[in-house]
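Each residue of the sequence shown is one higher than the last, beginning at 3 in this note's numbering. What follows is a short report on a single structure.
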Amino acid sequence: MQKTKDISKLDIDWQVQRVFLKQVPFCDKLKLAEEYLFKNYNRADKERILNYLEGLSFSYHKDSESREKALQLYRKLEGWEVTDENRCSQDFTKYSDGVLKLILEDLMSRAMKWLKKGYRHMELIHFIKQLCIYLKDHGTYSKLNAQVLESCKIKNTHKFFF
């Protein structure tokens, strides 16, 4: 799924949900993803959920039942009418420092993997920096800056799945 130009995946509410979904069984992932969209009935969250389901489907073999279930839900939700709102929250105060640290760790892992391949996802880097500032995590902030500088010396070899 191609990302719409003005929609960000880096909504703190969605990031908390996404990291939570990593910890639940497959059948619950689908149910909770659908419930999230039902509660957040807007075009930005619809795109986030569809992107999540597409990525989830790619984590299973082509002919697997799990992949087909993820794609069935994708097709079902794709037809849902939602509001035109492009909601994107960065209100970190709604979450405990513990939850925010889990999000930071997850996003840093992704960013570092990409930076080591020469790919700089500037929106992600900016979001991580905002989170570091909020958490007063100077060590992670410095580590990210150092890797960003190092990545400038590396040819981009990162390949996306879709």
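For every residue, glycine included, the Cβ atom is placed at its ideal position computed from N, Cα and C. It should be emphasised that the depicted structure is a prediction, and the values quoted were computed from it without experimental measurement.
Report the residue from the options whose alpha carbon sits nearest the alpha carbon of residue i.
{"i": "Ile9", "options": "Leu32, His160, Glu70 and Glu125", "result": "Glu125"}
{"i": "Val84", "options": "Lys24, Gln132, Lys48 and Asn158", "result": "Lys48"}
{"i": "Gly100", "options": "Val18, Thr6 and Val150", "result": "Val18"}
{"i": "Val150", "options": "Tyr136, Lys161 and Lys115", "result": "Lys115"}
{"i": "Asp169", "options": "Arg89, His160 and Asp139", "result": "No statement about residue 169 is possible, as the shown extent of the chain runs from 3 to 164 and does not include it."}
{"i": "Ala113", "options": "Glu36, Ile130 and Lys71", "result": "Ile130"}
{"i": "Asn42", "options": "Asp65, Asp13, Leu146 and Thr95", "result": "Asp13"}
{"i": "Thr6", "options": "Asp65, Leu34 and Ala46", "result": "Ala46"}
{"i": "Asn44", "options": "Trp82, Ser66, Leu34 and Lys96", "result": "Trp82"}
{"i": "Gly141", "options": "Lys24, Glu107 and Gln25", "result": "Glu107"}
{"i": "Ser111", "options": "Lys145, Cys29 and Gln25", "result": "Lys145"}
Check residue i in the structure and name its three-state DSSP category.
{"i": "Val150", "result": "helix"}
{"i": "Thr159", "result": "coil"}
{"i": "Thr142", "result": "helix"}
{"i": "Phe164", "result": "Because Phe164 sits at a pLDDT of 38, beneath the cut-off of 50, its placement in the model cannot be relied upon, and the following sentence gives the value as read from the coordinates. Looking at Phe164 - three-state DSSP - the assignment turns out to be coil, as it is neither helix nor strand."}
Need the endpoints of the alpha helix (DSSP H) that residue i sits in, please.
{"i": "Asn53", "result": "Arg45 to Phe60"}
{"i": "Tyr97", "result": "First-last for Tyr97: undefined, no H or E at that position."}
{"i": "Gln74", "result": "Glu67 to Glu80"}
{"i": "Leu39", "result": "Phe28 to Lys41"}
{"i": "Lys131", "result": "Met124 to Leu137"}
{"i": "Ile14", "result": "Ile14 to Leu23"}
Taking 7 Å as the threshold (C-beta atoms), are residue j and residue i in contact?
{"i": "Arg50", "j": "Lys11", "result": "yes"}
{"i": "Ser59", "j": "Leu73", "result": "yes"}
{"i": "Ile105", "j": "Val21", "result": "yes"}
{"i": "Leu75", "j": "Leu102", "result": "no"}
{"i": "Leu117", "j": "Leu79", "result": "no"}
{"i": "His63", "j": "Lys119", "result": "no"}
{"i": "Tyr136", "j": "Phe94", "result": "yes"}
In or out: residue i buried (at least 16 other Cβ within 10 Å) or exposed?
{"i": "Asn158", "result": "exposed"}
{"i": "Ala148", "result": "exposed"}
{"i": "Lys31", "result": "buried"}
{"i": "Cys165", "result": "This structure cannot settle anything about residue 165, because the visible part of the chain is limited to 3 through 164."}
{"i": "Asp86", "result": "exposed"}
{"i": "Ser153", "result": "buried"}
{"i": "Asp65", "result": "exposed"}
Let me check you understand the geometry: is the CB of residue i closer than 6 Å to at least one non-hydrogen atom of the ligand GTP?
{"i": "Glu67", "result": "By its list of ligands, the structure shown contains no ligand whatsoever, and the ligand GTP lies outside what it can speak to."}
Of all Cβ atoms in chain C, is any one closer than 7 Å to the Cβ of residue i?
{"i": "Leu12", "result": "Among the chains in the structure shown there is no chain C, since it carries only a single protein chain."}
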